[in-house]
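See below for the structure under consideration.
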Amino acid sequence: MTTATFGTNAVDWEERIQFDRLRTDRLAKLRRELSGSDLGAVLAFDFSNIRYMSSTHIGTWAMDKLIRFSLLTRHSDPIVWDFGSAAKHHQLYNPWLQTTTAEADADPHAPHHGAVRPRAENGARAGISTLRGAFHPDAGIAEGVAKKIKRELEKFGLQNEPLGVDVIELPILMALQKEGIRVVDGQQVFLNARAVKTGDEIALLTQAASMVDAAYESLYEFLRPGVRENEAVGLVSKVLYDLGSEYVEGVNAISGERCSPHPHVFSDRLIRPGDPAFFDILHSYQGYRTCYYRTFAVGSASRAQHDAYKIARQYMDRAIALVRPGATTADIVKVWPTAQEFGFPDEEAAFALQYGHGVGLSIWEKPIFSRLVSLDHPEVLVEGMVFALETYWPSADGIGAARIEEEVVVTATGCQVITKFPAEDLLVAGQRYYSVGGPLSLVRDSQSHLNTAAGRGEAE
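Numbering (the UniProt record's numbering), first residue to last: 1 to 460.
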């Protein structure tokens, strides 16, 4: 396992990401989880689960449509029903969907070499769900999906076994039940399989984080009074896409008084001198995500802002120091403050401010770190897990806050941080100001009169 980064191209003179191994390892992990469950098969509509199972992708435009679905049974390799011509594309360019290691799934008449055999039926097929209800309910689309699934379950002798499903539309659920299929929660099978990353997954996650390092470098150079939050979002998006990002899921750009409470959405606000500004950059490289906060002061920082940052950093460092195999999510959250300590009535109201979550093909995977759940339902940390830890602290002046996030890989002896843009202390971005007496202090109040004794009403 390594957190080294390489170039993004494939080359003949250096071993980098091995995508055949990535596909094989992911499917093997999912098979193990399915075999250890009481399910006969798992059915996925979630984009990330489909990709993990089948290594297929048709563009991020389809992520929220629930139009594609894939099935893995105990006795077969993945079958993907995809959107129109995408199925023909898969038949041409996804050869792994045409072979199998399962006896019941193989073409008994085809020649083969070793354990991998041609399939009796291609695993790439045309199919579509209900377009989130846009199809007329009487068109029979939901019933068609259910019949496709029932056919496969009967073919492999699993029609009486529970079918695990990750997410589902109600018409599809009812159609499956009408066919006599017992539908149960299958999301835990997928998330348990995805919790511990392979070496190739860790390399992809590290590469994704390195691209955000570069985006923060550009953002640090760009920030100054007069810049709008949405301009910062545009800048970061361009840097990432230029570097080869597959998808910029979001850039949380929060500044000034908007920092507390955290609104979780950027605006067109103009950044002003002395503003705190924090950002969360979420994107994917080859499907693998980032969730990566940094906080800046623009021009200068007030003492209240700097103090808030130091507190948020201290909570972060205490948490990272505890990360190692065998530790639990409860061990981590115990060193974080309660909701009441930073101005919220309970943990649900403060959710995701002192927080941790797995990162992989989606940004909220196992394990989850939160006082809302982790003290009563702790999860054990395992070598190979990759997750993000997030801390937050509002400034005493009531208008600002600090937000820090680090992504870590659990190693045999502890962890490695893969988010490397500097964050041990509050960074001041923007032009340095000079007065006749020399450079203005980087720690000052944004209201100029409060930086003089007379302005504060103090005796000279």
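The C-beta atom is built at its ideal place from N, Cα and C for all residues, glycine as well.
Only a predicted model underlies this, so the values are computations on that prediction, with no experimental measurement involved.
Check the Cα spacing between GLY414 and each of SER395, LEU381, ALA297, ILE404: the tightest is with LEU381.
Every unbroken stretch of the beta strand (DSSP E) spanning 3 or more residues and falling wholly within the stretch 44-122 is given here in chain order: 69-73, 79-82. Scanning its chain for C-beta atoms nearer than 7 Å, with the 5 sequence neighbours on each side dropped, one finds around PHE344 the residues ALA350, in chain order. With a cutoff of 9 Å on beta-carbon distance, GLY186 and VAL165 are scored as near each other. Under the three-state reduction of DSSP output, LEU173 falls in the helix class.
Secondary structure at ASN252: strand, using DSSP grouped into helix, strand and coil. Counting only residues of its own chain and dropping the five nearest sequence neighbours on each side, ILE168 has a CB closer than 7 Å to the CB of PHE45. SER267 places its beta carbon 9 Å or farther from that of ILE399.
Burial check for HIS306: the Cβ neighbour count within 10 Å reaches 16 or more, so the residue is buried. For GLN305, the enclosing alpha helix (DSSP H) has its first and last residue at 303-321.
Where ARG32 is concerned, the enclosing alpha helix (DSSP H) starts and stops at 19-35. Within 10 angstroms of the beta-carbon of PRO137 lie fewer than 16 other beta-carbons, which makes it exposed.
Secondary structure remark: continuous beta strand (DSSP E) runs of at least 3 residues inside the stretch 202-283, in chain order: 247-255.
Close CB contacts of GLN207 within its chain, under the 6 Å cut and outside five residues either way in sequence, are with THR5, TYR285 (chain order). Shown here for SER302: same chain residues with a beta carbon closer than 6 Å to its own, the five before and five after excluded, namely ASP445 in chain order. With 16 or more neighbouring CB atoms inside 10 Å of its own CB, VAL359 falls in the buried class. Contact between LEU322 and VAL333 does not hold, since the beta-carbon distance rounds to 10 Å and is not under 8 Å. Of the candidates TYR220, VAL298, LEU353, SER374, SER374 places its Cα closest to the Cα of THR328. Leaving aside the five residues that flank PRO162 on each side, the residues in its chain whose CB is nearer than 7 Å to its CB run, in chain order, ASP38, LEU39, GLY40, ARG182, VAL184. Counting every other CB atom within 10 Å of its CB across the protein chains shown gives GLY299 a total of 16 or more, marking it as buried. Taken through DSSP and simplified to helix, strand or coil, VAL443 comes out as strand. Annotation: PHE369 is outside any alpha helix (DSSP H); the continuous beta strand (DSSP E) that includes it extends over 365-369.
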